[in-house]
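J.: Numbering (my numbering), first residue to last: -11 to 795.
(1) Within 10 Å of its beta-carbon, does residue 151 have 16 or more other beta-carbons around it, so buried, or fewer, so exposed?
(2) Go ahead and label residue 229 buried or exposed: buried means 16 or more other beta carbons lie within 10 angstroms of its beta carbon, across all protein chains shown.
(3) Quick check on the burial criterion: 16 or more other C-beta atoms within 10 angstroms. Buried or exposed for residue 507?
(4) Below 8 Å, is the gap between the Cβ of residue 173 and the nearest heavy atom of the ligand GTP?
(5) What's the gap between the Cα of residue 134 and the Cα of residue 545?
(6) Run the CB neighbour count on residue 95, radius 10 Å, all protein chains shown included, and call it buried at 16 or more, exposed below.
(7) Going by beta-carbon coordinates alone, are residue 164 and residue 206 separated by less than 9 Å?
(8) Quick one: grab the DSSP three-state call for residue 334.
(9) I'd like the span of the alpha helix (DSSP H) that includes residue 506, first residue to last.
(10) Could you name each continuous beta strand (DSSP E) segment of 3 residues or more that falls completely within the segment 334 to 392, going from the start of the chain to the end?
(11) Residue 494 and residue 515 - do their beta-carbons sit closer together than 9 Å?
(12) According to DSSP, what are the bridge partners of residue 762?
(13) Return the chain-ordered list of same chain residues with a C-beta closer than 7 Å to the C-beta of residue 72, the five sequence neighbours on each side being excluded.
(14) For residue 23, count the other beta carbons within 10 Å of its own beta carbon; 16 or more makes it buried, fewer makes it exposed. Which is it?
(15) Could you check if residue 117 is buried or exposed, using at least 16 other CB atoms within 10 Å of its CB as the buried criterion?
(16) Taking the CB atoms as reference points, tell me whether residue 632 and residue 331 lie closer together than 9 Å.
(17) For residue 709 and residue 777, which I take to be in contact (beta-carbon distance under 8 Å), what is that distance rounded to the nearest angstrom?
(18) Within this structure, are the beta carbons of residue 794 and residue 699 separated by less than 9 Å?
(19) Taking the beta strand (DSSP E) that residue 661 belongs to, which residues open and close that run?
(20) With 16 as the cutoff for other CB atoms within 10 Å, does residue 193 come out buried or exposed?
(21) Along the chain, where does the alpha helix (DSSP H) that runs through residue 434 open and close?
(22) What does DSSP give as the partner residue(s) for residue 56 in the beta ladder?
(23) Check this for me: beta carbons of residue 430 and residue 474, under 9 Å apart or not?
(24) Go through the segment 80 to 122 residue by residue and report every complete run of the alpha helix (DSSP H) that reaches 4 residues or more, in order.
(25) Taking all protein chains shown into account, do 16 or more other C-beta atoms lie within 10 angstroms of the C-beta of residue 615, making it buried, or fewer, making it exposed?
(26) Given residue 588, which residues of its chain have a CB within under 6 Å of its CB, disregarding the five upstream and five downstream residues?
(27) Could you tell me the alpha carbon to alpha carbon distance between residue 1 and residue 273, rounded to whole angstroms?
(28) What's the C-alpha gap between residue 834 and residue 137?
(29) Beta strand (DSSP E) containing residue 483: first to last residue?
(30) If you count every other CB in all the chains shown that lies within 10 Å of the CB of residue 293, and 16 or more means buried, which is it?
(31) Exposed or buried, what is residue 740 when buried is set at 16 or more other beta-carbons lying within 10 Å of its beta-carbon?
(32) Excluding the five sequence neighbours on either side, which residues of its own chain have a C-beta within less than 6 Å of the C-beta of residue 512, listed in chain order?
(33) Using the C-alpha atoms, what's the distance from residue 87 back to residue 127?
(34) Can you tell me which residues form a DSSP beta bridge with residue 634?
(35) Under the three-state reduction of DSSP, which class applies to residue 318: helix, strand or coil?
(36) Locate the beta strand (DSSP E) running through residue 792, then write down its first and last residues.
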């Protein structure tokens, strides 16, 4: 049994572990394992994880776990008092998803920094240091609970094979949290709203013993630990672990161990020979030696400076490289039938003209609205509506990105509530019928638009994985192989890809998909992924889903996917993120805000070079139109409103598309480019991440007047740029800004005072005034160094153009 390192009234404690193995055990405390050295194989319940240095894992309460390693290891082990944490959080159920082996999150680095500060104080045990250590423990708890705590309302569904798991977990957790005091079956029945007779029988049936026996077993479990490791009297041990008195404790102990607690303690002490005590002392010294070496060699504690400072970017303008403006390759539009409407066509033309998107992704090609007559036994198909869609696109030199799967008709209000959710009915009687239709469909496209044109399109097959199931359609590979064969029969240059895998779910499905592609020898021309900041998991048969708090979610998930793909036979395949956004909700008013513009710009900068296509979800709010749309802006994901009003998200893409051909500098806040000839273009942002208040609310219940409360802070940012090795002379610096005062339709409509719907004239006014602010200044360069600064409000985005003034 592992010794409990927690004191009675400690919220958390920490010790180092250097043993190569730890036998399987469990405890009521929550444990954080931080791997400092070595590559231990950590087993939790039935899952085994290969951990490496810097990995962080949380072991939840009452979970059997162990580890083993062939080589030397060092772990930082933090134990958290379950009862005290439950009191702080006002809950009897505590569950964390925190495992850096299987997912990435910027919050892991926040945890590492705090834990390393705790490590640095390991040998300093004076009273004042203890205050600092305790404060660091609470900082660690804050990061842990804000980013990895799974609330009971995050439940999505219960495994039908384990309907009692949740109820049993609640009973067990309640007993473990309260075993130190007098508890009764009556109290527990009140807590669970069950009758006492029913609950008594239920516990006996599920746990194999009655309530009192189970409680006493838990008390004995902890009392034995105190007998061995705590220098306390028998009476104190009994009272501290919930027994009424020493006599009751002794009676229960004798039943279990056939001896009294005193006899047990004496026997165990006798077995600990002098040599064994010496080994324990040597082990302690060895731990301290290794910890000291680690602290000296590897631990760098960063100074804590809470003051806000200006930021500096020093740019060597002679170092340049070409880059791929991958963000403007494609944008999602919606179902094919939506493109039959003139309003959607106008929005698409705006997206092409102003933002330069080459491809528009559409789906539902084979839906009922397209009237294809696809089940005709005589193959008398009707392509009239399909032709109108593709005629519009090709006439305007817009390329289709066709998703040929059967996506559900889904419109989300929040993670847990859908406005519309309908599974797409597949009309074909079988794969042979489907092949006949696809053959006729492809032949029609080639004959009408020409083979060279169709060769420039993308054809994608979706796997069937979605937010509701998190599972792939088992028919994907037979269908994909058929589509691949039929399309390639017309031309080997036609691009056929797919997958449509949600990388936010982790690497498991992606690993299986890539492996199956390689085994089937049916390799897609490109692999499609989608990414929204939500995570899922399963705990004892109960599935949970929650929003991710990771500020670098898209980048981290792409790095995870890149690792999986590069370690496979498909290492050189093109990667397309066919869908991405900050939310799946089309009733989240942050979609209309300056936050969304900053989020897009930050994500695009973060992911430069990590994917070949980044298809934003969505181009227009028309996709999200429904009978509850009573406002001009209603929280849709579109870059444009239904009426064509440009949102801050639109201007984020606009600014990005104004960058030059050559990249000369990049950091987390901006990009500097040039076209040569002493002209420079910069995009930068002041993204402020969401705080815990946002994640406590349903996405469709946010209030405009209180949006400012949802960010970690609302600090302004000043960036001081220094461009070196530039031509001497005069320069014009033109800055375009979008913030709450300029360019935000959401703020402008609020200032105007929207009462119901706006008239056409009022909407035209909003369109005219919602443009970026422009500021122009001049700068003189004499020593080949151009210095200037720019100031940004919270969530502001900027485009800065610097041009040389010829005389």
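Beta carbons are placed, not taken as given, at the ideal position from N, Cα and C, and that holds for glycine.
T.: From the atom records:
(1) Here residue 151 refers to the residue found at position 163 of the chain shown. For residue 151, the pLDDT reaches just 49, beneath the cut-off of 50, and the residue's location in the model is therefore unreliable, although a value from the coordinates is still provided. Classification of residue 151: exposed, given that the 10 Å Cβ count is below 16.
(2) Counting from 1 along the chain shown, the entry for residue 229 is found at position 241. The residue in question, residue 229, is buried, as its Cβ has 16 or more Cβ neighbours within 10 Å.
(3) Taking the chain shown and counting its residues from 1, the one referred to as residue 507 is at position 519. Exposed.
(4) This structure simply doesn't include the ligand GTP, nor any ligand for that matter.
(5) For this step, residue 134 is matched to residue 146 along the chain shown. For this step, residue 545 is matched to residue 557 along the chain shown. Spanning the two alpha carbons is a distance of roughly 20 Å.
(6) Residue numbering aside, residue 95 sits at position 107 when the chain shown is read from its first letter. Result: buried.
(7) Position 176 of the chain shown holds residue 164. Position 218 of the chain shown holds residue 206. Yes, they are a contact pair.
(8) Taking the first residue of the chain shown as 1, we reach residue 334 at position 346. Of the three classes helix, strand and coil, the one that applies to residue 334 here is helix, per DSSP.
(9) As a working mapping, residue 506 is identified with position 518 in the chain shown. First-last of the alpha helix (DSSP H) with residue 506: 496 to 508.
(10) 347 to 351 and 387 to 391
(11) The sequence position of residue 515 within the chain shown is 527, counting from 1. The sequence position of residue 494 within the chain shown is 506, counting from 1. When the beta-carbon positions are compared, residue 515 and residue 494 stay at least 9 Å from each other.
(12) Locating residue 762 in the chain shown gives position 774, counting from the first residue. The partner list for residue 762 (beta bridge, DSSP) reads 724.
(13) Here the question's residue 72 lines up with position 84 in the chain shown. The residues are -1.
(14) The sequence position of residue 23 within the chain shown is 35, counting from 1. Label assigned to residue 23: buried.
(15) Along the chain shown, read from residue 1 onward, the residue named residue 117 stands at position 129. So residue 117 ends up on the exposed side.
(16) Taking the chain shown and counting its residues from 1, one reaches residue 632 at position 644. Taking the chain shown and counting its residues from 1, one reaches residue 331 at position 343. Result yes, Cβ atoms of residue 632 and residue 331 sit closer than 9 Å.
(17) One-based indexing of the chain shown puts residue 709 at position 721. One-based indexing of the chain shown puts residue 777 at position 789. Indeed, because the Cβ distance is near 7 Å, the residues count as touching under 8 Å.
(18) For the purposes of this step, residue 794 is identified with residue 806 of the chain shown, where counting begins at 1. For the purposes of this step, residue 699 is identified with residue 711 of the chain shown, where counting begins at 1. Contact: no.
(19) Translated into positions along the chain shown, residue 661 becomes position 673. Here the beta strand (DSSP E) through residue 661 covers 658 to 664.
(20) Locating residue 193 in the chain shown gives position 205, counting from the first residue. Exposed.
(21) Looking up residue 434 in the chain shown gives position 446. First-last of the alpha helix (DSSP H) with residue 434: 419 to 437.
(22) Here residue 56 refers to the residue found at position 68 of the chain shown. DSSP lists 9 and 29 as partners of residue 56.
(23) Along the chain shown, one-based indexing puts residue 430 at 442. Along the chain shown, one-based indexing puts residue 474 at 486. Yes, the Cβ-Cβ distance between residue 430 and residue 474 is below 9 Å.
(24) 94 to 108
(25) Along the chain shown, read from residue 1 onward, the residue named residue 615 stands at position 627. Exposed, since its Cβ has fewer than 16 Cβ neighbours within 10 Å.
(26) In the chain shown, counting from the first residue as 1, residue 588 sits at position 600. Taking C-beta separations shorter than 6 Å and ignoring five residues to either side along the sequence, the partners of residue 588 in its chain run 637 and 640, following chain order.
(27) The count along the chain shown starts at 1 and reaches residue 1 at position 13. The count along the chain shown starts at 1 and reaches residue 273 at position 285. Those two C-alpha atoms are separated by around 20 Å.
(28) In the structure as shown, the chain starts at -11 and stops at 795, and residue 834 therefore has no counterpart that could be examined.
(29) To locate residue 483, count along the chain shown from 1; it is residue 495. It spans 483 to 490 - the beta strand (DSSP E) in which residue 483 sits, taken as one unbroken run.
(30) To locate residue 293, count along the chain shown from 1; it is residue 305. Caution is warranted here: a pLDDT of 38 is assigned to residue 293, below 50, making its placement in the model unreliable, and the coordinate value is therefore given only provisionally. Per the 10 Å Cβ criterion, exposed.
(31) In the chain shown, residue 740 corresponds to position 752, counting from 1. Taking all protein chains in view, the Cβ of residue 740 is surrounded by fewer than 16 other Cβ atoms within 10 Å, so the residue is classified as exposed.
(32) By one-based count along the chain shown, residue 512 stands at place 524. Counting only residues of its own chain and dropping the five nearest sequence neighbours on each side, residue 512 has a CB closer than 6 Å to the CB of 485 and 486.
(33) Here the question's residue 127 lines up with position 139 in the chain shown. Here the question's residue 87 lines up with position 99 in the chain shown. Their Cα atoms are separated by approximately 19 Å.
(34) Locating residue 634 in the chain shown gives position 646, where the first residue counts as 1. The partner list for residue 634 (beta bridge, DSSP) reads 628.
(35) Locating residue 318 in the chain shown gives position 330, counting from the first residue. In this structure, residue 318 counts as strand in the three-state DSSP scheme.
(36) The residue you call residue 792 lines up with position 804 of the chain shown. From DSSP, the beta strand (DSSP E) with residue 792 extends over 785 to 793.
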